[in-house]
Structure formats: C-alpha cells, structure tokens
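Residue numbers (my numbering), protein chains in the order written: chain C, 1270 to 1484; chain V, 1270 to 1484. Note that the Cβ used here is the ideal one computed from N, Cα and C, for glycine as well.
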DNA sequence: GTCTATAAATAGATAGAC
DNA sequence: GTCTATCTATTTATAGAC
C-alpha cells in the first residue's frame, strides 16, 4: 500500500518528458514566436532528445497548438466561473479582470504568445481554441448585458470594455523585459508599476466606463 | 527646365526599388514577424530582385531595423509636437492619444510589429530606436507631471496611464483580422467598433483617471 | 542598379536500433 | 520510451556578369 502510493506520488511529482517539453516549448514560443522557435533548442531546454518531440506530438505546429489550446481553455474556464457566480454585475466585471490577470500570471508565456497571435490574425488557432477565445469575449458581453438589464450599466459596446481590459493587462504582463530596459533608460515610474496597481486600475476604469454617471 | 522638373517629379512619383522593398518588408514583418519573414517573398512582393535587398540594405536584420527606426521616430516626432503645443494638460493627453492612433493608422504594420517587439523584449531595437521609444514614454510623463503641478491632475504613475492608452489602441489597430474572425463567430459588437469610438474612449478614460475626482 | 547562379548554413522531420 | 544518424527542404547571403 505504501509502495503503491509512493509510486503514484512519484509519477505526479516527477515531470514526464512530455510535460518538460511542453514547459520548454511554451517558453521558447513566447520568447521567439512560432517561426523563430527552434525544436533543437526546445529539446535541449527540456533535457529530452529531439525525436521525443515527434513521438509525443505530431510536429512543431501540433506542439504549438497544444500550448495555445491549454492557454485559452484555462481563461475560458476561469471566466465561465466568474459568470456563473452570484456576484452583482460590477463585481463580475472586476472578477473578470482578476481572472484574466490570474490566468496570465500563472503562465508567463501566455501574454507574449497572445500578442503574437493577435499580430498574426490568429493564424495558428484551430477551431476548438478559437471557440474558447470567442467564449471569453461573449461572456464579458453577457455580463455587460446583464448589468444593463438590471439598470446598473449604461448601454456600452462590450468590445470597447474588452479592449480596455485585455489591452493594458496583456501589455503589462508581456512587457516585463521591455520595462526593464525602459527603467534602465531612466523612465520614471516604470519600476514602481506593480501587478496590483495595474489590475486595480483596469478594474476601476472598466466599471467606471460601464456605470457612466453621465461622463 | 520642363525636362528637369518632370524628371524630378518622376523621381518622386515613381517608387524606387528601395521604397518598394521597405513597403513590402513592412507588410511581411507585420504579418509573419522577423523570424517568419522571408526575403524571397519580400522581393517578389516588391517586384524587385532579391539581390537588391542586400544591395540597398546590409541584411534582413538591417532592413527590419530600418523599419523599426522609421516607426518609432515618427511617433516620437508626433508626440514631441503635442508636448510643445500650448494646449492645457488634459488636451495634451487627448492629443497624445490621437497622435499614437494617427501614427498607427498611417502605418498598418506598426501595431503588429510593436506587439511582437514587446513580446520579444525589444530584442531588435538598436540604441537610437530605443531612445525614440523612451522619449515617447518620458514625454507622457512630463505632460502628467505638468498637469499635477498646475493642479489639474492627481498624482498618478504615468506608466499606468501609458499602459491604459497604448494597450487598447495597439490592440484595436493590430487586431483587425482577429476581429473579423470573432465577428464571423457571432461575437456581438465587434463589427460596430470604430476607430473613433476607441480613440474617444481611450481619451476619456485617460483624462478621467488623471483628474480623479475622488474616484 | 539589376540579374543569375550558387554557396553555406539552418532546421524540421524520420528511420531504425535499443 | 529513448537515442543516433541522417535526409531533405528551406533560406540567408554572396559572387560575378551585364
């Protein structure tokens, strides 16, 4: 019994070659993009033979799609949970912001890869992953709609709110290295910009825009 | 005299091979990134022999840097003009937003390339171009500072405002193809999102955040 | 300035042994 | 599941003629 359990524990604690490949690939794709990524480098970083990439995945492209799928499935799940909660519309919007931030933070590769996919028009998104993306946007749309029906939000294009949330958040989380260079160049305030400050600001801005108050 | 003039006019009206290469390369780099870009394809799109790339520019990398340099020099110039104007702080912030939007619109390749550079930590930015980037951010910092000194703005980290401006604007201008796919997938409000709506929203949000009013 | 031909290196992918 | 060796295609870059 103890033996069986320790085997199971070991299987969970020790990363499999597949998991190590996924982690190394995520970092490589984030740093260099799909075209710039190199399968040899991915294998080396994962301390795994290159041929294993083609054993576990069909191709470099399939490996990349796998990473995209996990990313967007995770945000979609978080956001769905937000919508399903009992909170009032304004709090759901705040939770939506927090959900995006949390998902992005848990995956440092997420924001840069998302940026690149946007730049590429979602060229690598398969149907299933695209469905996750649209689900996220539609969910925010329904939250905004619900707020409007209840009389707490003014009529607002949800895509505007979406851009106001996703834009600054992704920019913040994707720009770590860039911000370091700006800080070195003497730009004031860059170093002081914390995750919590950004999230709070985005939350406030989104809710304020929705509530209007004749602004 | 007439001959001389017509020659000069011709030289201005007819794109040189160098100009055609720059235009084709900008589109290629925007669509596929630096690593994904292909010099053969650039040459073909420019209707120019591939060897001309190496005649006019030193390498693929040098060609890319040339495009980066022009992009950021243009925004830096626009933004400097905004700061030099006689407008009051809030209007300078609005003009800053408009300047970014105008520069981005005039160069469809600009937003996607900027996104990719952020994702890559500015790996391709040479010292001169990085100076342009920092100049833009610092300029906004001074406008915010000026507003605070004059008592019209609350004390605010300028980087927060910067992220709130650049994030949504770049996202909007870079996401044209992606938005089309979302519209096809039935996401409401995507098609209705106009450039002017986004710019006005970003302006309002930035100024409101700066003015505070105890929010 | 423009073109052809080609060098030289890189990188995705697979066969086949263990 | 893992590894070695290798094939093949792609692609940046240049030499040299016109």
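Could you tell me which chain V residues have their CB closer than 8 Å to the CB of residue 1385 (chain C), listed as they occur along the chain?
On the first chain, residue 1385 (chain C) is found 116 positions in, with the first residue counted as 1. The contacting residues are 1302, 1384, 1385, 1388.
So which residues on chain V does residue 1447 (chain C) lean against when the C-beta distance must stay under 7 Å?
Working through the first chain from its first residue, we reach residue 1447 (chain C) at position 178. Within 7 Å Cβ-Cβ: 1387, 1390, 1391.
Using only alpha-carbon positions, find the residue among C:1416, C:1421, C:1393, C:1459 that is nearest to residue 1338 (chain C).
To locate residue 1338 (chain C), count along the first chain from 1; it is residue 69. With respect to the C-alpha of residue 1338 (chain C), the residue from C:1416, C:1421, C:1393, C:1459 having the closest C-alpha is C:1393.
Check whether the segment 1366-1385 of chain C and the segment 1312-1326 of chain C touch, using three or more Cβ-Cβ pairs below 8 Å as the test.
No, the segment 1366-1385 of chain C does not touch the segment 1312-1326 of chain C.
Relative to the alpha-carbon of residue 1388 (chain C), which residue among V:1462, V:1331, V:1444 has its alpha-carbon at the smallest distance?
Indexing the first chain from 1 puts residue 1388 (chain C) at position 119. Selection V:1462, V:1331, V:1444 evaluated against residue 1388 (chain C) yields V:1444 as nearest (Cα-Cα).
In the DSSP assignment, find the alpha helix (DSSP H) that holds residue 1418 (chain V) and state where it starts and stops.
Translated into the one-based positions of the second chain, residue 1418 (chain V) becomes position 149. Unbroken alpha helix (DSSP H) run through residue 1418 (chain V): 1396-1418.
Status (buried if at least 16 other CB within 10 Å, exposed otherwise) for residue 1425 (chain V)
Taking the second chain and counting its residues from 1, one reaches residue 1425 (chain V) at position 156. Its Cβ being crowded by 16 or more others within 10 Å, residue 1425 (chain V) is buried.
Looking only at its own chain, which residues have a Cβ that is under 7 Å from the Cβ of residue 1270 (chain V), when we skip the five neighbours before and after it?
Stepping through the second chain from its first residue, residue 1270 (chain V) is reached at position 1. For residue 1270 (chain V), the pLDDT reaches just 41, beneath the cut-off of 50, and the residue's location in the model is therefore unreliable, leaving the point undetermined.
The alpha helix (DSSP H) that contains residue 1285 (chain V), what's its start and end?
Looking up residue 1285 (chain V) in the second chain gives position 16. Judged by DSSP secondary structure, residue 1285 (chain V) falls outside any alpha helix (DSSP H); it is assigned neither H nor E.
Helix, strand or coil: which one does DSSP assign to residue 1462 (chain C)?
Against the first chain, residue 1462 (chain C) aligns to sequence position 193. The answer is coil: DSSP assigns residue 1462 (chain C) none of H, G, I, E or B.
Kindly indicate which residue of V:1457, V:1332, V:1286, V:1369 has the alpha-carbon position closest to the one of residue 1440 (chain V).
The count along the second chain starts at 1 and reaches residue 1440 (chain V) at position 171. Looking at the Cα atoms, V:1369 is the closest of the given residues.
Are the C-beta atoms of residue 1349 (chain V) and some chain C residue less than 7 Å apart?
Counting from one through the second chain, the residue named residue 1349 (chain V) turns up at place 80. Not one chain C Cβ lies under 7 Å of residue 1349 (chain V).
Which value, in whole angstroms, describes the spacing of the CA atoms of residue 1417 (chain C) and residue 1423 (chain C)?
Your numbering for residue 1417 (chain C) matches position 148 in the first chain. Your numbering for residue 1423 (chain C) matches position 154 in the first chain. Straight across, the Cα-Cα distance linking residue 1417 (chain C) with residue 1423 (chain C) is about 6 Å.
Can you give me the C-alpha to C-alpha distance between residue 1275 (chain V) and residue 1283 (chain V), rounded to a whole angstrom?
Reading the second chain from its first residue, position 6 is the one you call residue 1275 (chain V). Reading the second chain from its first residue, position 14 is the one you call residue 1283 (chain V). Only weak support is given to the placement of residue 1275 (chain V): the predicted model assigns it a pLDDT of 43, under 50, and the question is left unresolved by the model.
Quick check on residue 1426 (chain V) - is its C-beta less than 7 Å from some C-beta in chain C?
For the purposes of this step, residue 1426 (chain V) is taken as residue 157 along the second chain, with counting starting at 1. At least one CB atom of chain C sits nearer than 7 Å to the CB of residue 1426 (chain V).
In the structure shown, what three-state DSSP assignment does residue 1468 (chain V) receive?
Taking the second chain and counting its residues from 1, one reaches residue 1468 (chain V) at position 199. Correct three-state label for residue 1468 (chain V): helix.
Could you work out which residue in C:1474, C:1442, C:1469 is closest to residue 1390 (chain V) when comparing CA atoms only?
For the purposes of this step, residue 1390 (chain V) is identified with residue 121 of the second chain, where counting begins at 1. It is C:1442.
Helix, strand or coil for residue 1325 (chain V), going by three-state DSSP, please let me know.
Numbered from its first residue, the second chain carries residue 1325 (chain V) at position 56. DSSP places residue 1325 (chain V) in the helix class (H, G or I) of the three-state scheme.
What's the C-alpha gap between residue 1314 (chain V) and residue 1293 (chain V)?
Numbered from 1 along the second chain, position 45 holds the residue referred to as residue 1314 (chain V). Numbered from 1 along the second chain, position 24 holds the residue referred to as residue 1293 (chain V). Taking the Cα positions, residue 1314 (chain V) is about 6 Å away from residue 1293 (chain V).
Relative to the C-alpha of residue 1470 (chain V), which residue among V:1374, V:1421, V:1362, V:1302 is closest?
Position 201 of the second chain, counted from the start, is the residue given in the question as residue 1470 (chain V). Selected option, being the one with the closest Cα: V:1362.
Answer yes or no: does any C-beta atom of chain V fall closer than 7 Å to that of residue 1476 (chain C)?
Mapped onto the first chain, residue 1476 (chain C) falls at position 207. So no, residue 1476 (chain C) is outside the interface.
Reducing DSSP to helix, strand and coil, say where residue 1453 (chain C) ends up.
In the first chain, the residue the question calls residue 1453 (chain C) occupies position 184. Looking at residue 1453 (chain C) - three-state DSSP - the assignment turns out to be helix.
Kindly list the residues whose CB is nearer than 8 Å to the CB of residue 1382 (chain V), restricted to its own chain and excluding five residues on each side of it in sequence; keep chain order.
Indexing the second chain from 1 puts residue 1382 (chain V) at position 113. In the same chain as residue 1382 (chain V), and ignoring 5 residues on each side of it, the C-beta atoms closer than 8 Å to its own belong to 1295, 1298, 1299, 1336, 1337, 1340, in chain order.
Classify residue 1458 (chain C) as buried or exposed, calling it buried when 16 or more other Cβ atoms lie within 10 Å of its own Cβ.
For this step, residue 1458 (chain C) is matched to residue 189 along the first chain. Buried is the call here.
Rounded straight-line distance, which links the Cα of residue 1405 (chain C) to that of residue 1346 (chain C)
Counting from 1 along the first chain, the entry for residue 1346 (chain C) is found at position 77. Counting from 1 along the first chain, the entry for residue 1405 (chain C) is found at position 136. Counting only the Cα atoms, residue 1405 (chain C) lies some 9 Å from residue 1346 (chain C).
With the cut-off set at 7 Å, would you say residue 1344 (chain C) and residue 1365 (chain C) are in Cβ contact?
The sequence position of residue 1344 (chain C) within the first chain is 75, counting from 1. The sequence position of residue 1365 (chain C) within the first chain is 96, counting from 1. No, they are not a contact pair.
CA-CA distance, residue 1447 (chain C) and residue 1420 (chain V)?
Position 178 of the first chain, counted from the first residue, corresponds to residue 1447 (chain C). Position 151 of the second chain, counted from the first residue, corresponds to residue 1420 (chain V). Straight across, the Cα-Cα distance linking residue 1447 (chain C) with residue 1420 (chain V) is about 32 Å.
What does a CB cutoff of less than 7 Å around residue 1451 (chain V) pick up in its chain, not counting 5 residues either side in sequence?
Stepping through the second chain from its first residue, residue 1451 (chain V) is reached at position 182. Around residue 1451 (chain V): 1459.
Give a single yes or no on whether residue 1307 (chain V) has its beta carbon closer than 6 Å to a heavy atom of the ligand ZN.
By its list of ligands, the structure shown contains no ligand whatsoever, and the ligand ZN lies outside what it can speak to.
Starting from the Cα of residue 1349 (chain C), find the closest Cα among C:1332, C:1333, C:1372, C:1329 and give me that residue.
If you number the first chain from 1, residue 1349 (chain C) lands on position 80. The residue with the shortest Cα to Cα distance from residue 1349 (chain C) is C:1372.
Residues of the segment 1328-1354 of chain V in Cβ contact with chain C at a cutoff of 7 Å, in chain order, please.
So nothing in the stretch comes that close.
Expressed to the nearest angstrom, what Euclidean distance is found between the alpha-carbon atoms of residue 1291 (chain V) and residue 1400 (chain V)?
The residue given as residue 1291 (chain V) occupies position 22 in the second chain. The residue given as residue 1400 (chain V) occupies position 131 in the second chain. Rounded to the nearest angstrom, the two C-alpha atoms are 22 Å apart.
Nonlocal neighbours in the same chain, by C-beta distance under 6 Å from residue 1415 (chain V), ignoring five residues either side
Taking the first residue of the second chain as 1, we reach residue 1415 (chain V) at position 146. So the qualifying residues of the chain are 1358.
Buried or exposed for residue 1481 (chain C), going by 16 or more other Cβ atoms inside 10 Å?
Working through the first chain from its first residue, we reach residue 1481 (chain C) at position 212. Exposed, since its Cβ has fewer than 16 Cβ neighbours within 10 Å.
Rounded C-beta distance between residue 1410 (chain C) and residue 1427 (chain C)? I'm assuming under 8 Å.
Position 141 of the first chain, counted from the start, is the residue given in the question as residue 1410 (chain C). Position 158 of the first chain, counted from the start, is the residue given in the question as residue 1427 (chain C). With 8 Å as the limit, residue 1410 (chain C) and residue 1427 (chain C) qualify as a contact, their Cβ atoms being about 4 Å apart.
Can you list, in chain order, the residues of its chain whose CB lies under 8 Å from that of residue 1356 (chain C), leaving out five sequence neighbours each side?
Here residue 1356 (chain C) refers to the residue found at position 87 of the first chain. Hits under 8 Å: 1364.
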